[in-house]
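Q: Chains A and B are the protein sequences, given in the same order. When you line the first sequence up against our numbering, it's residues 18 to 353, in that order. When you line the second sequence up against our numbering, it's residues 9 to 250, in that order. Quick reminder that beta carbons are idealized off the backbone N, C-alpha and C, glycines included. Quick caveat: nothing in here was measured; it's all calculated off a predicted structure.
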Amino acid sequence: MNAVKGIAARLGRDLLVFVVVIALLALAPLFLTRFELGIAVQMLLFALLAVAWNVMGGYAGQFSFGHAAYFGIGAYISAYLVIHGGVSPWVGMLPGAALAALLGLLIGYLSFHYGLKGVFFALVTFAFAEMLHLLTTNLSPLNGSTGLNIPLISGSSWVMIQFPLGSANYYYVILLLLAFSLLVVMLLMRSRPGYFINALREDEEAAAALGIDPLRYKLLASAISAALTALGGAFYAQYLLYINPDLAFGATVSIQILLPAILGGVRTIWGPVVGAFIITLLGQATVALVHTPPPFLSALAGRSGLDVMLYGLVLILIIVLVPQGIFGAIRARARP
Amino acid sequence: MILLTVQHISKAFAGLQALEDVSFDLEEGGVVGLIGPNGAGKTTLFNIIAGTIRPDKGRVLFAGTDITGWPPHRIAHQGIARTFQLMRPFPGLTVLDNVMVATLQRSNVREARAAAQAVIERVGLERWQNSRAATLSTAGRKRLELARALALKPRLLLLDEVLAGLTPTERATVIDMVRTIHDEGISILLVEHVMSAIMALSQRILVLHHGKLLADGPPRAVTQDQRVIDAYLGEDGLHVDA
């Protein structure tokens, strides 16, 4: 009870916003069709991943271009343990998150120790994700490029996170993971390490002169970001009941993780969530437009690839017009 | 009691001798001015004491502990705070958050906030407490530098040209602040080009020239030293007071 009070005191008004948003999201399945529910699950997964990325790429200012590494580790470890040990994914998430955190520490240590910043840091993170991609593609215990199939169980199970196709339960699982991640990030950023992570991003030398150990707090941000990303990976494998090297460690995965955060607004709690919603809706809208265009745009019908071009164009426009991200821009206007 | 001992410090950058065999002691509770022409090695000496740069030779002792080669954050915890010549606030953070980064070294978030507010009031920045540091004027940033350093509750404060770029009125308030800091028992080593301030604040002056200690003594004696006049002050002894 005291712990709850402590959390409430620390988060203040943000906690209220958090509770309202999560409650509204929890009600959403009542109003959604099965098709829409699938899109909503995707939204929440992107939101979780972007919230996680934001800790390293946003608050800590370490632009990671290889978060697929942590996502893939979470997916593979959980899937492997389900297949070979019948381990519940809830449990399997933990070693996945721990291993991802360790990799985050390793990549961070190597990069920070040798003073890699900006583009060079991004390239190192990308290289690690590619290494894991190659490794899983060639490891026979992990079925190489064929990937891992998670065996179906009969009926539905909260313990094994398996539900009939189209079940709203998947939605509640990812909502729970998103809520958990948001809470972790909110608490982190309102606590001493959060202040130090912010200070280090702004000016490392000045922060060190005030007594902050740069390596320690940059590594902390890396580890937390990596671990939360791995939770998303574990859920993803479970949702598809399948994982392969491309889905887990592909370069597009890394981009999909960071894009919502940048689009929504880095270094804000809600920016990545808003970004994930917009990006998912945008993706669906462009697909729908090309698939079943309104009469005056009938020339677009069935032009495959056009949806992706449109999607890209709108993304470019948003990023050019609101470089702080959509939520970031709204917040900046609210607080002059 | 001797607080800081600098022993035979030498440092070269790509063959250029920035400091050569510099030695001195600082008594606890004193205000010591460090002067010298541009490029004399003043900031290098600060950086070596604060741990940003490692010396090639020599040692730095603080309160009896050898801190040579320690990383800056450990030296800060040991009790040495510094300001930067080119002010380095955390531009994207509010003034309050800037100072809280320092007060959080000792206390939890709630206490750190109260402590930071007290320091901000002391340097007269309370109106800007919730503004981003990037929006502050030069004078405001100088005060913020001072506030952050003070918030660490240091035993030794290294002030690197806190008066540069300020109007005479702004200088007077900062000089008063430095004086009250000293009255609280914090030892101060200050680099400054504004001679009137150096003369008013310091009980002792060190003169660096071409990386060597040229003179060391009470202000009056040092400013009348012919070598100091030739090297730095010039004939009228006032041209640097710009």
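Step through the CB atoms of chain B and report whether any lies within less than 7 Å of the CB of Leu227 (chain A).
A: On the first sequence, position 210 is the one that residue 227 (chain A) refers to. Yes, contact with chain B.
Q: Write down the C-beta distance between Gly66 (chain B) and Gln15 (chain B) rounded to the nearest angstrom, noting that I regard them as a contact closer than 8 Å.
A: The sequence position of residue 66 (chain B) within the second sequence is 58, counting from 1. The sequence position of residue 15 (chain B) within the second sequence is 7, counting from 1. Yes, they are in contact, since the Cβ atoms of Gly66 (chain B) and Gln15 (chain B) sit about 5 Å apart, within 8 Å.
Q: Would you say Asp230 (chain A) reaches chain B, if we count a Cβ-Cβ gap shorter than 7 Å as a contact?
A: Position 213 of the first sequence, counted from the first residue, corresponds to residue 230 (chain A). Yes, Asp230 (chain A) counts as interfacial toward chain B.
Q: Under 8 Å between beta-carbons, which chain B residues line up against Phe213 (chain A)? List them in chain order, please.
A: Locating residue 213 (chain A) in the first sequence gives position 196, where the first residue counts as 1. Under the 8 Å cutoff, chain B gives Val109, Leu112.
Q: Terminal residues of the continuous alpha helix (DSSP H) containing Leu61 (chain A)?
A: In the first sequence, residue 61 (chain A) corresponds to position 44, counting from 1. 51-70 is the extent of the alpha helix (DSSP H) around Leu61 (chain A).
Q: Output the boundary residues of the beta strand (DSSP E) element that contains Asp263 (chain A).
A: To locate residue 263 (chain A), count along the first sequence from 1; it is residue 246. Per DSSP, Asp263 (chain A) belongs to no beta strand (DSSP E); it is in the alpha helix (DSSP H), 262-266.
Q: Please report the distance separating the alpha-carbon of Ile335 (chain A) from that of Leu199 (chain A).
A: Here residue 335 (chain A) refers to the residue found at position 318 when the first sequence is read from its first residue. Here residue 199 (chain A) refers to the residue found at position 182 when the first sequence is read from its first residue. So the two alpha carbons sit approximately 25 Å from each other.
Q: Less than 7 Å between CB atoms is the rule here; does Ala22 (chain B) satisfy it with respect to chain A?
A: To locate residue 22 (chain B), count along the second sequence from 1; it is residue 14. So no, Ala22 (chain B) is outside the interface.
Q: Write down every uninterrupted run of the alpha helix (DSSP H) in the segment 219-276 of chain A whose length is 4 residues or greater and which is fully enclosed by it, in chain order.
A: Within the segment 219-276 of chain A, the complete alpha helix (DSSP H) segments at least 4 residues long are 221-226, 231-257, 262-266, listed from N- to C-terminus.
Q: So Ala139 (chain A) packs on Phe197 (chain A), CB below 8 Å; how close in whole Å?
A: Looking up residue 139 (chain A) in the first sequence gives position 122. Looking up residue 197 (chain A) in the first sequence gives position 180. That pair is no contact at about 27 Å.
Q: Would you say the segment 38-55 of chain A touches the segment 101-118 of chain A, given that touching needs at least three Cβ pairs under 8 Å?
A: No, because fewer than three Cβ pairs between the segment 38-55 of chain A and the segment 101-118 of chain A fall closer than 8 Å, the two stretches do not touch.
Q: DSSP three-state call for Thr60 (chain B): helix, strand or coil?
A: As a working note, residue 60 (chain B) is residue 52 in the second sequence. Three-state DSSP puts Thr60 (chain B) in coil, outside helix and strand.
Q: Could you tell me whether the Cβ of Glu219 (chain A) comes closer than 7 Å to any Cβ of chain B?
A: Taking the first sequence and counting its residues from 1, the one referred to as residue 219 (chain A) is at position 202. It does; some Cβ of chain B falls within 7 Å.
Q: Assuming Lys220 (chain B) contacts Glu28 (chain B) (C-beta within less than 8 Å), just tell me the rounded distance between them.
A: Here residue 220 (chain B) is taken as the residue at index 212 of the second sequence, counted from 1. Here residue 28 (chain B) is taken as the residue at index 20 of the second sequence, counted from 1. With 8 Å as the limit, Lys220 (chain B) and Glu28 (chain B) qualify as a contact, their Cβ atoms being about 5 Å apart.
Q: Would you report the Cα separation of Tyr240 (chain B) and Gly49 (chain B), rounded to the nearest angstrom?
A: Translated into positions along the second sequence, residue 240 (chain B) becomes position 232. Translated into positions along the second sequence, residue 49 (chain B) becomes position 41. A straight line joining the alpha-carbon of Tyr240 (chain B) with that of Gly49 (chain B) spans about 13 Å.
Q: List the residues of chain B whose Cβ lies closer than 9 Å to the Cβ of Arg207 (chain A), in chain order.
A: Stepping through the first sequence from its first residue, residue 207 (chain A) is reached at position 190. In chain order: Val117.
Q: Which parts of the segment 270-312 of chain A are runs of the beta strand (DSSP E), unbroken and 3 residues or longer, counting only runs that do not cross its ends?
A: none
Q: Determine whether the Cβ of Leu133 (chain B) lies closer than 7 Å to any Cβ atom of chain A.
A: Position 125 of the second sequence, counted from the start, is the residue given in the question as residue 133 (chain B). No, because no Cβ of chain A sits closer than 7 Å to the Cβ of Leu133 (chain B).
Q: Any beta carbon from chain B within less than 7 Å of Leu349 (chain A)'s own beta carbon?
A: For the purposes of this step, residue 349 (chain A) is taken as residue 332 along the first sequence, with counting starting at 1. Residue identity check: residue 349 (chain A) is Ala in the sequence provided, not Leu. Taking Cβ atoms only, chain B never reaches closer than 7 Å to Ala349 (chain A), which makes this a no.
Q: What does DSSP give as the partner residues of Thr293 (chain B) in its beta bridges?
A: The shown model of chain B, from 9 to 250, leaves out residue 293 (chain B), and the question about it has no answer.
Q: Tell whether a beta-carbon distance below 7 Å holds between Ala114 (chain A) and Ala247 (chain A).
A: Walking along the first sequence from the start, residue 114 (chain A) turns up at place 97. Walking along the first sequence from the start, residue 247 (chain A) turns up at place 230. Yes, Cβ-Cβ distance for Ala114 (chain A) and Ala247 (chain A) is below 7 Å.
Q: Could you give the distance in angstroms between the alpha-carbon of Ile206 (chain B) and the alpha-carbon of Ala223 (chain B)?
A: For the purposes of this step, residue 206 (chain B) is identified with residue 198 of the second sequence, where counting begins at 1. For the purposes of this step, residue 223 (chain B) is identified with residue 215 of the second sequence, where counting begins at 1. Distance between the alpha carbons of Ile206 (chain B) and Ala223 (chain B) is about 15 Å.
Q: Rounded to the nearest angstrom, what separates Val36 (chain A) and Trp287 (chain A) at their Cα positions?
A: Your numbering for residue 36 (chain A) matches position 19 in the first sequence. Your numbering for residue 287 (chain A) matches position 270 in the first sequence. Rounded to the nearest angstrom, the two C-alpha atoms are 13 Å apart.
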